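Numbering of the sequence shown is given in the working numbering, commencing with residue 635 and proceeding in unit increments. Built from N, CA and C at the ideal position, the CB exists for glycine as well. No experiment lies behind these values; they were computed from the predicted model shown. Read through the structure below, which is laid out as structure tokens, and then see the notes.
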Amino acid sequence: EIIDDPAMEVFFKLSPGECFIVDNTRVLHARKGYSGAGSRWLQGCYADKDGLLSTLAAMETPRQEAAE
Numbered sequence: 635e636i637i638d639d640p641a642m643e644v645f646f647k648l649s650p651g652e653c654f655i656v657d658n659t660r661v662l663h664a665r666k667g668y669s670g671a672g673s674r675w676l677q678g679c680y681a682d683k684d685g686l687l688s689t690l691a692a693m694e695t696p697r698q699e700a701a702e
């Protein structure tokens, strides 16, 4: 299975101030366990890609002049 294939795993450790952004519809992501020693701060954020793409498309569409 692809999910159990170590060749498909990417591992990296974030340094303070770094950010990890992932498209949840395209990537299976996880983390290893941690000891809980030391300080740790994690902030989650979710964005709606459809709303962004719709806004970009509307901004790229030429607008007609208002009828006089």
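DSSP state of residue i mapped onto helix, strand, coil
| i | result |
| --- | --- |
| aspartate 657 | coil |
| threonine 695 | coil |
| aspartate 639 | coil |
| serine 780 | Since the first residue shown for the chain is 635 and the last is 702, residue 780 is missing from the structure and cannot be characterised. |
| leucine 676 | coil |
| serine 649 | coil |
| leucine 662 | coil |
8 Å contact criterion, which residue i and residue j should meet: CB distance rounded
| i | j | result |
| --- | --- | --- |
| leucine 676 | isoleucine 637 | Incorrect: roughly 24 Å between the Cβ atoms, too far for contact. |
Cut-off 8 Å between Cβ atoms - residues of its own chain near residue i, not counting five sequence neighbours on either side
| i | result |
| --- | --- |
| phenylalanine 654 | Leu648 |
| alanine 681 | none |
Close-in-space but distant-in-sequence residues of the same chain around residue i (CB under 7 Å, 5 per side omitted)
| i | result |
| --- | --- |
| glutamate 635 | none |
Nonlocal neighbours in the same chain, by C-beta distance under 6 Å from residue i, ignoring five residues either side
| i | result |
| --- | --- |
| lysine 666 | none |
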